[in-house]
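Q:
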Amino acid sequence: MSGKGGTGKTTVAAALALALAAGGRKVLLVEVEGRQGIAQAFDLPPLPYEERKIAVAPGGGDVYALAVDPEEAMLEYLDMFYGIRRMGKALTRMGVVDFATTIAPGLRDVLVTGKTSEAVRRRDKSGRRVYDAIVMDAPPTGRIARFLNVTQEVAGLARVGPIKNHADLVRGVLTSPETAVHFVTLLEEMPVQETLDGIDELRTTGLPVGGVFVNMVRPAGLPGSVLEAAARGRFDSAELALGLKTAGLTDATADTTAVAEALAREVTEHALRTELEKRERVALEEAGVPRYDLPLLPDGADLAGLYELADALRAQAVAGTAWHERCGVNFDRVRG
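Numbering (the UniProt record's numbering), first residue to last: 1 to 336.
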């Protein structure tokens, strides 16, 4: 899940994890930027570098979370491939790990995506996958293609050996039919344009594009004829003032005309905003990918709000055609 900053990317990723887990499934929600956004979304203390259960989805499913720490991932990597975890800790104290990931930022991306890919491939003793789905709260749109295109990033680091093999394994997971890169946007010019640019960049690099989640969708609130008239400057405040008087909505001390004019300005602003949102929807249609609307939460994106958004996604899963499959998960399949 990617998106321009401020679009609610982490919130939507958390809601998607809840929606995918509903009905008894097990989902892992992964954070890779070190912001502890998942902990904040679920009103939890900062998460350690370990998978732990953080929520119960509707119908009894479980959501686990993992906040990937690049330094810990590096130590785990050194131990897995070279058996030198103790030396890795010494290197950490010397600042060598930070130095390595600074001069080779692609290595950092390999480490954090590699940890997620390992969770995708992991199976229990019976041979079934441990998780039914994994949702990654990924970097913003401007960095997503480079972040996921790990093979190219490490080309200058190693052409053979464990690092190259590890990167190729990660690339195999990211480009598989089971993976989808979704975008979160608002119906505003800059977020929509970044989303369209991100989709084009992913297609150019051969990474799988999923859908677009339109966040914070406001209800129309007024009839279309009223909004159309207001957007074209033909909304009559005098008629509104008369309506206020007739309905008894103003008292004797109120300046009915002033109240009507203030309301008319708000209606006009709302109408212009609605027109803008219509234009941005048309722009998103040109991308040719599925779109899913998420409502604006009047009380903010608290824990209850996450479940409300998850319900909205589930409702679209029922109403839409194979929504769940386009999200990379078949809700009806037997786990594993």
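Don't be surprised by glycine CBs; every beta carbon is placed ideally from N, CA and C.
By how many angstroms is the C-alpha of Ala13 removed from the C-alpha of Val68?
A: The alpha-carbon atoms of Val68 and Ala13 are separated by roughly 15 Å.
Q: Which ranges would you report for the alpha helix (DSSP H) in the stretch 124 to 148 if only whole runs of at least 4 residues count?
A: 141 to 148
Q: Can you list, in chain order, the residues of its chain whose CB lies under 7 Å from that of residue 356, leaving out five sequence neighbours each side?
A: Any question about residue 356 goes unanswered here, given that the chain covers just 1 to 336.
Q: Distance check for Asp236 and Glu194, CA to CA, integer angstroms please.
A: 38 Å
Q: Within 10 angstroms of the Cβ of Val282, are there 16 or more other Cβ atoms? Answer buried if so, exposed if not.
A: exposed
Q: May I have a chain-ordered list of the beta strand (DSSP E) segments no shorter than 3 residues that lie completely inside the stretch 208 to 281?
A: Runs of the beta strand (DSSP E) lying entirely within the stretch 208 to 281, each at least 3 residues long, are 209 to 217 in chain order.
Q: Is the Cβ-Cβ distance between Pro295 and Ala312 less than 8 Å?
A: yes
Q: Would you mind giving the Cβ-Cβ distance between Asp137 and Val30, rounded to the nearest angstrom? I have them listed as a contact below 8 Å.
A: 7 Å
Q: Should Phe99 be labelled buried (16 or more other beta-carbon atoms within 10 Å of its own) or exposed?
A: Only weak support is given to the placement of Phe99: the predicted model assigns it a pLDDT of 48, under 50, and the question is left unresolved by the model.
Q: Could you tell me the distance, in whole angstroms, from the CA atom of Asp200 to the CA atom of Thr256?
A: Spanning the two alpha carbons is a distance of roughly 52 Å.
Q: Find the nearest neighbour of residue 339 within the set Gly224, Ala262, Pro223 and Arg129, judged by alpha-carbon distance.
A: The chain is shown only over 1 to 336; residue 339 falls outside these bounds and no answer can be derived.
Q: Within 10 angstroms of the Cβ of Met1, are there 16 or more other Cβ atoms? Answer buried if so, exposed if not.
A: buried
Q: From Pro290 to Ser126, what does the alpha carbon distance come to, in whole angstroms?
A: Distance between the alpha carbons of Pro290 and Ser126: 35 Å.
Q: Less than 6 Å between C-beta atoms, sequence neighbours within five positions excluded: which residues of the same chain meet that for Glu280?
A: Excluding sequence neighbours, Glu280 sits near Leu187 and Val192.
Q: Counting C-beta neighbours from all protein chains within 10 Å, is the total for Thr268 16 or more, i.e. buried, or is it exposed?
A: buried
Q: Among Ser176, Pro140 and Gly221, whose alpha-carbon lies nearest the alpha-carbon of residue 337?
A: Outside the shown range of the chain, which is 1 to 336, sits residue 337, and nothing can be said about it.
Q: Can you check whether the CB of Val135 is closer than 8 Å to the CB of Val27?
A: yes
Q: Applying the 10 Å Cβ sphere with the 16-neighbour rule, what's the burial state of Phe9?
A: One point to set straight first is that residue 9 is Lys, not Phe, in the sequence displayed. Burial call: buried.
Q: Helix, strand or coil, according to DSSP, for Val27 in the structure here?
A: Reduced to three states, the DSSP call for Val27 is strand.
Q: Once DSSP output is grouped into helix, strand and coil, what is the label at Lys53?
A: strand
Q: Are the beta-carbon atoms of Ala315 and Leu196 separated by less than 8 Å?
A: no
Q: From Asn165 to Asp43, what does the alpha carbon distance come to, in whole angstroms?
A: 38 Å
Q: Under 6 Å Cβ to Cβ from Ala230, same chain only, skipping five residues before and after it: list those, please.
A: Val267, Thr268 and Ala271
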